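Here is the structure we will look at, set down as structure tokens.
Number of protein chains: 2
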Amino acid sequence: MNAVIYGVGTSFFGKQTETDLRVLAWKAILEALADAGLDSVDAAYVGTAYSELGTAQQILSALGITEVPILTLENASASGTTAFHEARWAIESGRYERVLVVGVEHMTSKFAEAVRPAASDPEGRSGMAMPALYAMAAQRYIATSLATPKQLAMVAVKNLGNALWNPRTERKGSYSIEEILTSRMIADPLTRLQCCSITDGAGAVVLGPPRANRRDIVIRGSALRSGKLWDYRSEHVWGFEIVRDTARDAFEEAGIEATDSDVFEVHDAFTIGEIVATEALGLAELGAGGRLVEAGQTAISGAYPVNPSGGLLARGHPIGATGVAQVYEIVTQLRGEAGDRQVRDCRIGVVETMGGGVSGVDGNGCVITVLEKA
Amino acid sequence: MNAVIYGVGTSFFGKQTETDLRVLAWKAILEALADAGLDSVDAAYVGTAYSELGTAQQILSALGITEVPILTLENASASGTTAFHEARWAIESGRYERVLVVGVEHMTSKFAEAVRPAASDPEGRSGMAMPALYAMAAQRYIATSLATPKQLAMVAVKNLGNALWNPRTERKGSYSIEEILTSRMIADPLTRLQCCSITDGAGAVVLGPPRANRRDIVIRGSALRSGKLWDYRSEHVWGFEIVRDTARDAFEEAGIEATDSDVFEVHDAFTIGEIVATEALGLAELGAGGRLVEAGQTAISGAYPVNPSGGLLARGHPIGATGVAQVYEIVTQLRGEAGDRQVRDCRIGVVETMGGGVSGVDGNGCVITVLEKA
Chain D
1161 MNAVIYGVGT
1171 SFFGKQTETD
1181 LRVLAWKAIL
1191 EALADAGLDS
1201 VDAAYVGTAY
1211 SELGTAQQIL
1221 SALGITEVPI
1231 LTLENASASG
1241 TTAFHEARWA
1251 IESGRYERVL
1261 VVGVEHMTSK
1271 FAEAVRPAAS
1281 DPEGRSGMAM
1291 PALYAMAAQR
1301 YIATSLATPK
1311 QLAMVAVKNL
1321 GNALWNPRTE
1331 RKGSYSIEEI
1341 LTSRMIADPL
1351 TRLQCCSITD
1361 GAGAVVLGPP
1371 RANRRDIVIR
1381 GSALRSGKLW
1391 DYRSEHVWGF
1401 EIVRDTARDA
1411 FEEAGIEATD
1421 SDVFEVHDAF
1431 TIGEIVATEA
1441 LGLAELGAGG
1451 RLVEAGQTAI
1461 SGAYPVNPSG
1471 GLLARGHPIG
1481 ATGVAQVYEI
1491 VTQLRGEAGD
1501 RQVRDCRIGV
1511 VETMGGGVSG
1521 VDGNGCVITV
1531 LEKA
Chain S
1161 MNAVIYGVGT
1171 SFFGKQTETD
1181 LRVLAWKAIL
1191 EALADAGLDS
1201 VDAAYVGTAY
1211 SELGTAQQIL
1221 SALGITEVPI
1231 LTLENASASG
1241 TTAFHEARWA
1251 IESGRYERVL
1261 VVGVEHMTSK
1271 FAEAVRPAAS
1281 DPEGRSGMAM
1291 PALYAMAAQR
1301 YIATSLATPK
1311 QLAMVAVKNL
1321 GNALWNPRTE
1331 RKGSYSIEEI
1341 LTSRMIADPL
1351 TRLQCCSITD
1361 GAGAVVLGPP
1371 RANRRDIVIR
1381 GSALRSGKLW
1391 DYRSEHVWGF
1401 EIVRDTARDA
1411 FEEAGIEATD
1421 SDVFEVHDAF
1431 TIGEIVATEA
1441 LGLAELGAGG
1451 RLVEAGQTAI
1461 SGAYPVNPSG
1471 GLLARGHPIG
1481 ATGVAQVYEI
1491 VTQLRGEAGD
1501 RQVRDCRIGV
1511 VETMGGGVSG
1521 VDGNGCVITV
1531 LEKA
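These protein sequences, in sequence, are chains D and S.
The first sequence begins at 1161 in the working numbering and counts up one residue at a time.
The second sequence begins at 1161 in the working numbering and counts up one residue at a time.
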């Protein structure tokens, strides 16, 4: 028995400093419940990385969701899809009939100033904030001719362009490659428009066992892995192996290959992330991910549309919310309800979330999910 | 198929300000793995409430536990048993063969000074720190003749006395009722020796499907619930209803009544907590919990031994670690390996953890587990 998605919802994604985190979550949850045609659930799995203790209970009790199991899960950037993955199994093991998944984060209140890793954590010791970690991957790709700076920029051109048709993202625009490359340098070679923003947002999904509803979307497979120590001696850049191995698990369960999927939401926290992800997923050979975007293959009209929502580059990255927003987008696409950003004839979609955590070098987490039209 | 416990381990529980949280976790994990006769696992569920992002990965990667799913769960004081409960289901749904559960917290580094609820959270708005919340329950019990101050003190006399035979707790002693009642007042009527300490500790459990090993302990049932809004108009004191309802779920699954169990570890964060828990579990009628301890029924030699380890009053309450340490104690008792604090002829044991969260008034969480000798 495969769990299915009954309903999805999100808040707007952008800097919403004056909006309480709970308000964002309520918007997402109420939309998802209405979409599912339900007003109560048997359990709630909440993915968040930076919220205070009791946040999940505060959010849910105000909606009358009490006396059921409420769990809070943290898995860095993959917190939202980790909650989703566990909720899927909670349904499939027969424990519950209706499970609510919530991903939420109010990042602007957590990182009002520059993010400075503490000297006490591994990143701090090595001077590596997340942009630096991804920049190292980008540097290596450029140095070993696996990608060009222009190809990196093309990811941002595409995603910020896709977002023009997504009313729920703050950042969007018709940028030229030149504009992307000359935006402020953050961590060489990654410029400002190649890095996701620190934003606020929430997403929600309602899951259950199969029922007679043609809008429901089937979870055909999903996999969760954590990574291992990464350093310069590793065979691949940071993130490649964990995405490759998690994809293998998820695709094997779903009985598909990457190229069988019609639409993808992947973890483009930085432009290099999307290129590495497309290769690790198996859409392109190693070093061919840059050419994939250059050839328009990952555009909404391409053979393998990637991040039609605009991805993290457009939504920003409210940690726990990101993965759930990715699921929202794929569900919306598979239902044919994505409006001007609709991918044609899509039946199967893939979500990939790669979490580094503040201690990226000691381990990371990845969740990959394969969804299909019922 | 019921999941079974292959191995358990803990660190010492007490103020260990100079000891890194990871060292505490490593001690617990290595002991549990050795006890289980394993050196690797398929997944890890880590319960912690106050640890930094990536803590679980840092702990585990140092032990070579990488490339498997690593999840971090938060459910306030019930974080450890919430991880245990989810891990149990991960085994029973056939997802994994060997799952590691870790509970860990370094509280002395988080609460080096007095705990002051933020004005922005519900506790802060109402001036309620956890001792105040429990004190209100104690006040109500005394005011309505459900318990006496002496009976409250007897819980501390018993538990701190039991701990004399537990080499893993810092706080212990042969106290008189007078000494308990005249220790410094924290939140009237709860004196210092009736409140658990802020300490550091870790626990670990290894779970898997049944195998041929007579030391393995069967998880006969477990249940997880969250609570609802509590205020003075509620029929019972804070915590009563959630423990009663969660116990009903767990006992129904296990096919037992409370009085069928031979040993109990319950959430005595404050003395009143143990009395309320014994009533809510069904060991005594409402208002009879005080007489239960007064009559020696909850002593190690009594009919219903409660907290033979010394409970939270002896171990202190390193949030995520507490529930896993409770499981450790019950497993050790059921195996007959508890030394001088051994409960005679015990076959079934119950763990009860009640988590309030920093926002106790908006919701709480409870996990109750029934364990049995194979």
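All C-beta atoms in this analysis are idealised placements derived from N, C-alpha and C, irrespective of residue type, glycine included.
Small disclaimer: the values here were computed from a predicted structure and weren't measured.
Interface criterion met: the Cβ of isoleucine 1230 of chain S is under 7 Å from a Cβ in chain D.
Scanning chain S for C-beta atoms nearer than 8 Å to the C-beta of glycine 1368 of chain D yields nothing, as the closest lies near 16 Å away. About 15 Å separates the Cβ atoms of alanine 1407 of chain S and isoleucine 1490 of chain S, ruling out a contact at the 8 Å cut-off.
In the assembly as shown, glutamate 1417 of chain S is an exposed residue. Its beta-carbon has fewer than 16 other beta-carbons within 10 Å. Closer than 7 Å to the CB of alanine 1440 of chain S there is not a single CB belonging to chain D. The region 1466-1477 of chain D makes contact with the region 1423-1430 of chain D, as at least three CB pairs between them are under 8 Å. With respect to chain D, the C-beta atom of glutamate 1234 of chain S has a partner C-beta closer than 7 Å. A Cβ-Cβ contact shorter than 7 Å links leucine 1312 of chain S with isoleucine 1432 of chain S. The beta carbon of serine 1253 of chain D falls within 7 Å of a beta carbon belonging to chain S, placing the residue at that interface. When Cβ-Cβ separations below 7 Å define contact, glutamate 1512 of chain S makes no contact with chain D. Residue contact check for lysine 1388 of chain D against chain S: a CB pair falls below 7 Å. Less than 7 Å divides the Cβ of valine 1264 of chain S from the Cβ of threonine 1208 of chain S.
Interface criterion met: the Cβ of serine 1221 of chain D is under 7 Å from a Cβ in chain S. A straight-line Cα-Cα distance of about 24 Å links alanine 1429 of chain D and serine 1221 of chain S. In the DSSP annotation of this structure, the continuous segment of the beta strand (DSSP E) that includes alanine 1383 of chain S starts and ends at 1377-1386. Counting only runs of at least 3 residues, the region 1284-1355 of chain D fully encloses the following beta strand (DSSP E) elements, listed from N- to C-terminal order: 1345-1347. The continuous beta strand (DSSP E) containing valine 1259 of chain S extends over residues 1259-1266.
Among the residues of chain S, none has a CB under 9 Å from the CB of arginine 1404 of chain D; the nearest is roughly 12 Å distant.
A Cβ-Cβ distance of about 13 Å is found for the pair valine 1378 of chain S and valine 1510 of chain S, leaving them out of contact under the 8 Å criterion. In this structure, arginine 1331 of chain D sits near alanine 1474 of chain D, with a CB-CB distance shorter than 7 Å. Under a 10 Å Cβ-count criterion, glycine 1449 of chain S is classified as buried, with 16 or more other Cβ atoms of the shown protein chains found around its own Cβ. Residue ranges of uninterrupted beta strand (DSSP E) with 3 or more members, entirely inside the region 1412-1479 of chain S and ordered along the chain, are 1423-1425. Contact residues of the region 1187-1217 of chain D toward chain S are Ala1209, Glu1212, Leu1213, Gly1214 and Gln1217 (C-beta to C-beta distance below 7 Å). In the three-state reduction of the DSSP assignment, glycine 1214 of chain S falls in the coil class, being assigned neither a helical nor a strand state. Partner residues in the beta bridge of methionine 1514 of chain S, as assigned by DSSP, are S/Cys1526. Less than 7 Å divides the Cβ of proline 1229 of chain S from the Cβ of leucine 1384 of chain D. Here phenylalanine 1400 of chain S is buried: its Cβ has 16 or more other Cβ atoms, across all protein chains shown, within 10 Å.
Distance from the CA atom of arginine 1501 of chain S to the CA atom of asparagine 1322 of chain S, rounded to whole angstroms, is 7 Å.
Contact between proline 1291 of chain S and alanine 1347 of chain S holds, with the beta-carbon distance rounding to 4 Å and staying under 8 Å. Annotation: the continuous beta strand (DSSP E) that includes isoleucine 1230 of chain D extends over 1230-1234.
Per DSSP, leucine 1190 of chain D is not a residue of any beta strand (DSSP E); the alpha helix (DSSP H) it occupies stretches across 1181-1196. Cα atoms of cysteine 1355 of chain S and cysteine 1506 of chain S: separation of roughly 28 Å, rounded to the nearest angstrom.
For tryptophan 1398 of chain S, no CB of chain D lies under 7 Å from its own CB, so it is not counted at the interface with that chain. Nearest CB-CB separation between threonine 1226 of chain S and chain D: below the 7 Å threshold.
Within the same chain, Ala1209 come within 6 Å of glutamate 1234 of chain S by CB-CB distance, once the 5 residues on both sides are set aside. Spanning the alpha carbons of alanine 1192 of chain S and alanine 1534 of chain D requires a straight line of approximately 44 Å.
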